[in-house]
Amino acid sequence: MIFKFAAIAASTSLLCASALAQNLAIQNATLFDGETVRENATLVIRDGTVVAWADADQLPSGLETIDAEGAWVTPGIFSAFSQIGIVEVGAEDSTNDTSAGQSGFGAALDLSDGFNPRATSIDITRIEGVTRMAVAPSLGASLFGGQGFIATTTGEPGSVIDRRAFTFINLGEAGASVSGGSRPAAWATLRAAFGDARAFPTRYLAHSEGDALGRMDAEAFTRAARGDQLMLIAVSRESDIREVISLKKTMSNLQIVLVGAQEGWMAADELAEANIPVIIDPYDNLPSSFAQLGATQQNAARLIDAGVTTAFAHLDSSSHQARLVLQSAGNAVGSGVDHTDALRAITSVPAEIFGIDGAGRLTAGGLGDLVIWDGDPLEVRSAPVRIFIDGVEQPLESRQTKLRDRYLTIDESERPSAYKR
């Protein structure tokens, strides 16, 4: 699709991430605003924020105007679970800061300390339309993976917007393996950790060890244990999910979010009643372990139909694959999820789960994170044509696209000498 850029402040050059936010109006858009879809809509961004605007109102001067010609415009995609920027090459330990299996610390590990905003995976992720991301640790030496964070995909220093946004805990099979070898041992460890954190600092005045946590881990877990911080719990099996629901009933102030939940559909009504959100991969439909024997492509549809707050993520351990959340959402539509619900699950719902005000929505007061697409965002052949974060236009290039462009049309005489025979 060809876009008409009739700019009052005419410029089609990309702005660097440190530039001021643009003032722009997008007209004739198929606009998904984070909740509903509107045809022939107008969207106005001023100083990086969405301004309330009726589609028929006359536009003020001083705006770059974009005729979308019916193209889809959505909020920037929010990756609800990823490891972008903390691992460059998964098989190369020196570039992998996702876990610390030999460390004596768990909950105290702050993943943002290892974040590299220049990691190549960030550009790769951004050009697919992802503008914000939750970055989480992997399984370490204990139940507690550490503290995850929220960042934008600008690739610039200062792009972490919420350090220590959540505590990540592994339960089920993974938790059992690092807690003595059984689920009862994992739950005993978790309950002891709650006791340590809730008794902090009194329990640690005379020494540095609690029943389950050292002083620094107890201090780090205190916010989550008292209900003041999100607690992401990785769990798959129905029985484990029901144990977490029981925990929430016992400690109703906890802010629990389940990650994985491959058998979540089997406890969907109870999850909805307990108000426990889930982050799932809709395409995670194979019984890859005994904890996932009930995995099905219908998981997403059944959870959403039951009223469970459901966000989508591509739960692949490779940092370069978080961008595939759009394909996961498209697959969910093919398995019965409403198209609009699928868009919510990768925009407004994760923003709501992580409490990022204004993200995931293109309504008055929303952040100026938006993507203009050349087709349906959930179609595998569609791609962004323009991306904005906080109203600042982002480059549509990565290391791979630069290499492609460099060598695609290179003249034989211009080949580097290393390529001459």
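As numbered in mature numbering (1 follows the signal peptide of the UniProt record, and there is no 0), residues -21 to -1, 1 to 400 make up the sequence shown, in order. Glycine included, C-beta positions come from ideal geometry on N, C-alpha and C.
Extent of the continuous beta strand (DSSP E) to which A202 belongs: Inspection of the sequence shows that residue 202 is occupied by Arg rather than by Ala. No beta strand (DSSP E) contains R202, which is instead part of the alpha helix (DSSP H) from 194 to 204.
Which word fits Y262, buried or exposed, when buried means at least 16 other C-beta atoms lie within 10 angstroms of its C-beta? Under this definition Y262 is a buried residue.
Let me know the secondary structure DSSP gives V316 once reduced to three states. coil
Using alpha carbons as the reference points, say which of G160, Q277, N232 lies closest to L265. Q277
Closer than 8 angstroms is the cut-off here; do at least three beta carbon pairs connect the stretch 80 to 92 with the stretch 193 to 211? yes
Does at least one heavy atom of the ligand ATP sit under 7 angstroms from the Cβ of L237? With respect to the ligand ATP, the structure shown offers nothing to examine, as it has no ligands at all.
Quick one: using the 10 Å Cβ neighbour count with 16 as the cut-off for buried, is I220 buried or exposed? buried
Between the C-alpha atoms of T44 and G80, what's the straight-line distance to the nearest angstrom? For T44 and G80, the distance between alpha carbons rounds to 52 angstroms.
Given a cut-off of 8 angstroms on the beta-carbon distance, is the pair A292 and A59 in contact? yes
Outcome for N2 when other beta-carbon atoms lying within 10 angstroms are tallied against a minimum of 16: buried
Spatial distance of A213 from D295 (CA atoms): 13 angstroms
In the DSSP assignment, the beta strand (DSSP E) including N19 goes from what residue to what residue? 16 to 25 is the span of the beta strand (DSSP E), which, as asked, contains N19.
Can you check which of these residues, I103, I148, E107, V238, is closest to D355 by C-alpha distance? Ranking I103, I148, E107, V238 by Cα distance to D355 puts E107 first.
Same chain, Cβ closer than 6 angstroms to S327, five either side skipped, listed in chain order: G13, G339, R340
Would you mind reading off the limits of the alpha helix (DSSP H) that contains D175? Where D175 is concerned, the enclosing alpha helix (DSSP H) stretches over 162 to 177.
Just to confirm the assignment: which complete alpha helix (DSSP H) runs, minimum length 4, are found wholly within the stretch 221 to 304? 247 to 253, 278 to 284
By Cβ distance below 6 angstroms, which residues in the same chain neighbour W51 in space, the five residues on each side in sequence not counted? T9, W352, P356
Quick one, are the C-beta atoms of T132 and M112 less than 8 angstroms apart? yes
In its own chain, which residues sit with a C-beta less than 8 angstroms from the C-beta of N95, not counting the 5 before and 5 after it? G64, I65, E67
Beta carbon of A290, beta carbon of V109: below 8 angstroms? Not in contact: A290 and V109 (Cβ atoms no closer than 8 angstroms).
So is F269 buried or exposed if we call it buried at 16+ other beta carbons inside 10 Å? exposed
Quick check: the Cα distance between T319 and V16, rounded to an integer number of angstroms? 8 angstroms
Rounded to the nearest angstrom, what separates A247 and T380 at their Cα positions? 42 angstroms
Beta-carbon within less than 7 angstroms of A204's beta-carbon, same chain only, minus the 5 sequence neighbours each way: which residues are those? F173, A176, R177
On the three-state DSSP scale, how would you describe A4? strand
Determine the extent of the beta strand (DSSP E) in which G154 is found, giving its start and end residues. Note, G154: premise wrong, no beta strand (DSSP E); alpha helix (DSSP H) at 151 to 156.
Would the beta-carbon of A168 fall within 8 angstroms of that of S158? Looking at the sequence provided, one finds Thr at residue 168 rather than Ala. Contact: yes.
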